[in-house]
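Numbering (the numbering used here), first residue to last: -11 to 302.
The C-beta atom is built at its ideal place from N, Cα and C for all residues, glycine as well.
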């Protein structure tokens, strides 16, 4: 280690051998030791490391760890503090400032305004009086057909019954594998005016694709191919399901079967210069009679109806 005399300005003194400044006799300040620049190190031979020096509290002279009394003034060294060790490891990057940039503040302000707008749009409503002017309904039945469908999966997950299979090698994932080492030489303060160099190595990794067999195939299965619909615009006749005519039944190419059913029931409303349509449950739909006056909540910003606030009077 080196140290500089703060009294006469002598620089680059060897910390291990120059416990006093050879120019002015000032005591070495152990806290001011520093690592020499690369290429200016001095090898220490036949040195036995006994631990960090202890600093005499009476005269501030650094003394070897094995010493019982200060070699400069004779003060007992029992209980004296060891010197502070220096670190030559790369310093971590300074913490980022906690304050927000103007751009970030502007973005947050814009986001806040957007949230406020959404809340106002959804929650700000007013009550209006509407009149029932009509009804509408429709019922749909999906029709599924059985036949060949193209598909692809990793071959280990291919469905049973697949045919016309073709395979290809494709990347399924990535894995990390060792790719040499990154090594640096770091300096470690021994606390007695010397230091040592250690070579520290860390494994490097690279990504390598993992390939697997991808299967492209044809498989016979059911899929919705069409639907039939019944619809009406009044309470009478009552809603009914459409007649379903299947081309062929069974499980053959081109065979058909009934799929999922769906339905919707609407009430048509009018208030001043606005018309509204509300979906309601099938059981309450007939209870809305044409000409019935009803209260309805409407969103102020968008003008859309809150149909959950609509209730029949019968």
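Residue j and residue i - do their beta-carbons sit closer together than 8 Å?
| i | j | result |
| --- | --- | --- |
| residue -8 | residue 179 | no |
| residue 261 | residue 117 | no |
| residue 246 | residue 125 | no |
| residue 217 | residue 230 | yes |
| residue 11 | residue -2 | yes |
| residue 282 | residue 120 | yes |
| residue 32 | residue 182 | yes |
| residue 52 | residue 68 | no |
| residue 270 | residue 250 | no |
| residue 306 | residue 208 | As displayed, the chain neither begins before -11 nor continues past 302, which places residue 306 out of reach and without an answer. |
| residue 222 | residue 123 | yes |
| residue 244 | residue 234 | yes |
| residue 105 | residue 74 | no |
Spell out the partners DSSP gives residue i in its beta bridges.
| i | result |
| --- | --- |
| residue 189 | 171 |
| residue 176 | 75 and 184 |
| residue 266 | 255 |
| residue 195 | 164 |
| residue 57 | 64 |
| residue 51 | 42 |
| residue 130 | 215 |
| residue 282 | 118 |
| residue 159 | 199 |
| residue 294 | 285 |
| residue 124 | 254 |
| residue 312 | Residue 312 lies beyond the residue range present for the chain, which begins at -11 and ends at 302; the question has no answer from this structure. |
| residue 154 | 204 |
| residue 135 | 209 |
| residue 70 | 42 |
Going by beta carbon distance, what residues of the same chain come within less than 7 Å of residue i, once the five residues before and after it are set aside?
| i | result |
| --- | --- |
| residue 293 | 264, 266, 284 and 286 |
| residue 160 | 142, 198, 199 and 200 |
| residue 184 | 176 and 178 |
| residue 248 | 130 |
In the structure shown, what three-state DSSP assignment does residue i receive?
| i | result |
| --- | --- |
| residue 94 | helix |
| residue 246 | strand |
| residue 229 | coil |
| residue 100 | helix |
| residue 0 | coil |
| residue -7 | coil |
| residue 140 | strand |
| residue 274 | helix |
| residue 12 | coil |
| residue 145 | helix |
| residue 209 | strand |
| residue 222 | coil |
| residue 108 | helix |
Please list, in chain order, all residues of the same chain as residue i whose beta carbon is under 8 Å from its beta carbon, the five residues on each side excluded.
| i | result |
| --- | --- |
| residue 114 | 285, 286 and 288 |
| residue 102 | none |
| residue 6 | -9 and 16 |
| residue 194 | 164, 165 and 167 |
| residue 279 | 119 and 120 |
| residue 20 | -9, -8 and -6 |
| residue 14 | -7, -6, -5, -4 and 8 |
| residue 66 | 56 |
| residue 196 | 162, 163, 164 and 165 |
Whose C-beta lies closer than 6 Å to the C-beta of residue i among residues of the same chain, with five residues either side of it excluded?
| i | result |
| --- | --- |
| residue 70 | 40 and 42 |
| residue 60 | 47 and 49 |
Is residue i close to chain C? Criterion is C-beta to C-beta, closer than 8 Å.
| i | result |
| --- | --- |
| residue 22 | The question asks about chain C, but that chain is absent: this structure has only one protein chain. |
Tell me, please, whether the region 141 to 148 touches the region 166 to 181 by the rule of three or more beta-carbon pairs shorter than 8 Å. Between the region 141 to 148 and the region 166 to 181 there are fewer than three C-beta pairs closer than 8 Å, too few to call the two in contact.
Quick test of the definition: if touching needs 3 or more C-beta pairs under 8 Å, does the region 212 to 221 touch the region 128 to 139? Output reads yes: the region 128 to 139 touches the region 212 to 221.
Three or more C-beta pairs closer than 8 Å, one from the region 189 to 203 and one from the region 145 to 157: is that the case here? Judged by Cβ distances under 8 Å, the region 189 to 203 makes contact with the region 145 to 157, as three or more pairs qualify.
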